[in-house]
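> Same order as they appear, the protein sequences are chains A and B.
Mapping to our numbering: the first sequence position 11 is 15, numbers consecutive.
Mapping to our numbering: the second sequence position 173 is 177, numbers consecutive.
Can you read through this structure? Questions will come right after.
Protein chains: 2
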Amino acid sequence: MRIVKEAEIRRNEILDAAEELFGQKGFDGTSTGDILGKVGIARGTLYYHFKSKEDIMDALIERTNANILGAAQHIAADKSIPVIDRILRVVMALNISGGNGSSTEIMEHIHKPQNALMHQKIQKAIISGVPPILTPIICEGIEQGIFNTQYPYECMEMVVIYANTIFDDDMVEMTDEVRMSRVLAFISNVERLLGAESGSLMSVMQMFGNGEEARDEDGE
Amino acid sequence: MRIVKEAEIRRNEILDAAEELFGQKGFDGTSTGDILGKVGIARGTLYYHFKSKEDIMDALIERTNANILGAAQHIAADKSIPVIDRILRVVMALNISGGNGSSTEIMEHIHKPQNALMHQKIQKAIISGVPPILTPIICEGIEQGIFNTQYPYECMEMVVIYANTIFDDDMVEMTDEVRMSRVLAFISNVERLLGAESGSLMSVMQMFGNGEEARDEDGE
DNA sequence: AATTACCGACAGACAGTCGGTCGGTACAAC
DNA sequence: GTTGTACCGACCGACTGTCTGTCGGTAATT
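Put into structure tokens, the structure is as follows:
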């Protein structure tokens, strides 16, 4: 039986299947056969739409990224929100999902030894995508006298890389207590980096309280 | 033809071959057949000594790590060297090699998209191995009034993760100029983190001058 | 005679290729 | 406005080559 669809629809079906399977079993753990079965297409079809298995991953990351970064960018541009609140909101948007809530699941399963390549690619996208969104907010903060640094971009880069590695990845195993002390130290360090008054960023600690599980009151 | 050797010798022959091949062609790009050919043994022999291909990688990382971290630890413990010099020396030892110079080559080829898993494992080892070596030196610095921070360990963690990601990996493409400005900002940021006097760490910039190519005057 | 190191044929799985097929659409002819 | 036809994009699935890991057996060593 043969079902014909528009190319972009098929493409997205494949990406949807891959998203779920990669999340469950990792990239290496997922065979193209698995994807074939889930979508209900033949091998040739898959390779008609994508040139390799890795190509699927790249497309998936790009799709997910466009969502997430777009949402974050949107919040970042809203100058009616006070600087510190806005930073918090932006980071929330980055951690939780890309609006529709469809891209949430992958993020929860990505930090596994198996998915190293995917993880690395996402990491790269985060590093080049997030600091440019946050930096303008920091600059506003500098104008307002809340922050003080010559290197807002580099600070954001450092903060993003560190937070992403320690708090999102499982690079270092932590009990909840250790994690809490890391958060405290982190906030204190960020205050120093940004030249903010000591304690002025403590309010962002709530972000780490529930970690990535938070999903109650986002009215987005 | 059948050549019998002591298990540990064979093991190391295999690791030597794997080290070179992984460096040249990456982990995924290297087949167990390649290793077999290079060492001159049969499949069964390889799997007599290692339980899987990944097991080879793990063993290799562990071997390399023991060398590098050992050398760094050795320098770190030498209290006759002034604090800042010592930090510099330790970091040099980490970047350059593990003493014998045998493990240098891998490090040069590891930062490639192919070797994601190996890279991740090494990253993990660095993150859990390096800060504990540097922290006591920072503490000495605090006692001497050079530094001032409540969180020496977390600072080192942040610094190590950032430097390793930005300067060692190719996570973000940089021209030499951009790189230089990153180094400047980095040093300035580290000074703030450690509560060091502004400019007091500028001397470590030499480390980044020639990047990882430096290998002239280490009298080790 | 027992243990340790080694061999190589083999099974099973998987990514990617290729020739061929089918459905839809545009458009001409009637 | 119905029928004929030419074309193309989407789709199929058998096949190839490669690779990892296994297993039964063999040679050296103690």
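Even glycine gets a Cβ: it sits at the ideal position worked out from N, Cα and C.
In whole angstroms, what separates the C-alpha of residue 60(B) from that of residue 34(B)?
Looking at the two C-alpha atoms, the distance is approximately 12 angstroms.
> How about the region 172-191 of chain A and the region 131-145 of chain A: do they share at least three Cβ pairs that are nearer than 8 angstroms?
The region 172-191 of chain A vs the region 131-145 of chain A: no contact.
> Return the residues of the region 178-190 of chain A that lie within a Cβ-Cβ distance of less than 9 angstroms from chain B, sorted by chain order.
Answer in chain order: 185, 186, 188, 189 and 190.
> Identify the contact partners of residue 123(B) in chain A, using a Cβ-Cβ distance below 8 angstroms as the criterion.
In chain order: 120 and 124.
> Pick helix, strand or coil for residue 125(A), following the three-state DSSP scheme.
If DSSP states are grouped into helix, strand and coil, residue 125(A) belongs with the helices.
> Along the region 153-166 of chain A, what residues have a CB closer than 9 angstroms to any CB found in chain B?
The residues in question are 153, 154, 155, 157, 158, 159, 161, 162, 163, 165 and 166.
> Alpha carbon to alpha carbon, what distance is there between residue 176(A) and residue 77(B)?
The alpha-carbon atoms of residue 77(B) and residue 176(A) are separated by roughly 20 angstroms.
> With residue 77(A) as the anchor, note down where its alpha helix (DSSP H) starts and where it stops.
It spans 57-80 - the alpha helix (DSSP H) in which residue 77(A) sits, taken as one unbroken run.
> From 28(A), 69(A) and 195(A), pick the residue whose C-alpha is nearest to that of residue 127(A); which is it?
With distances taken between Cα atoms, residue 127(A) lies closest to 69(A).
> Taking the alpha-carbon positions, what's the residue 64(B) to residue 16(B) distance?
Cα to Cα, the separation comes out at about 9 angstroms.
> When you compare only the Cα positions, how much space is there between residue 197(A) and residue 122(B)?
Looking at the two C-alpha atoms, the distance is approximately 32 angstroms.
> I'd like the span of the alpha helix (DSSP H) that includes residue 16(A), first residue to last.
That run of the alpha helix (DSSP H) goes 11-29.
> Keeping to the same chain, check which residues put their C-beta closer than 7 angstroms to that of residue 160(A); ignore five residues upstream and five downstream.
Hits under 7 angstroms: 135, 138, 139 and 142.
> Identify which residue in 46(A), 40(A), 32(A) and 26(A) has its Cα closest to the Cα of residue 6(A).
The option with the nearest alpha carbon to residue 6(A) is 46(A).
> Nearest chain B C-beta to residue 34(A) closer than 7 angstroms, yes or no?
Closer than 7 angstroms: no.
> Could you check if residue 155(A) is buried or exposed, using at least 16 other CB atoms within 10 Å of its CB as the buried criterion?
Classification of residue 155(A): buried, given that the 10 Å Cβ count is 16 or more.
> Three or more C-beta pairs under 8 angstroms: does that hold for the region 201-209 of chain B against the region 204-212 of chain A?
The region 201-209 of chain B vs the region 204-212 of chain A: no contact.
> Buried or exposed for residue 94(B), please, with buried defined as at least 16 other CB atoms from any protein chain shown within 10 angstroms of its CB.
Residue 94(B) comes out buried.
> Hey, could you find the ends of the alpha helix (DSSP H) residue 165(B) is sitting in?
Run containing residue 165(B): 156-167, per the alpha helix (DSSP H) assignment.
> Thinking C-alpha only, which one of 171(A), 164(A) and 172(A) is nearest residue 169(B)?
Ranking the options by Cα distance to residue 169(B), first place goes to 164(A).
> Considering only C-alpha positions, which residue in the set 8(A), 44(A) and 89(A) is nearest to residue 210(A)?
Comparing Cα positions, the closest option is 89(A).
> Classify residue 99(B) as buried or exposed, calling it buried when 16 or more other Cβ atoms lie within 10 Å of its own Cβ.
It counts as buried.
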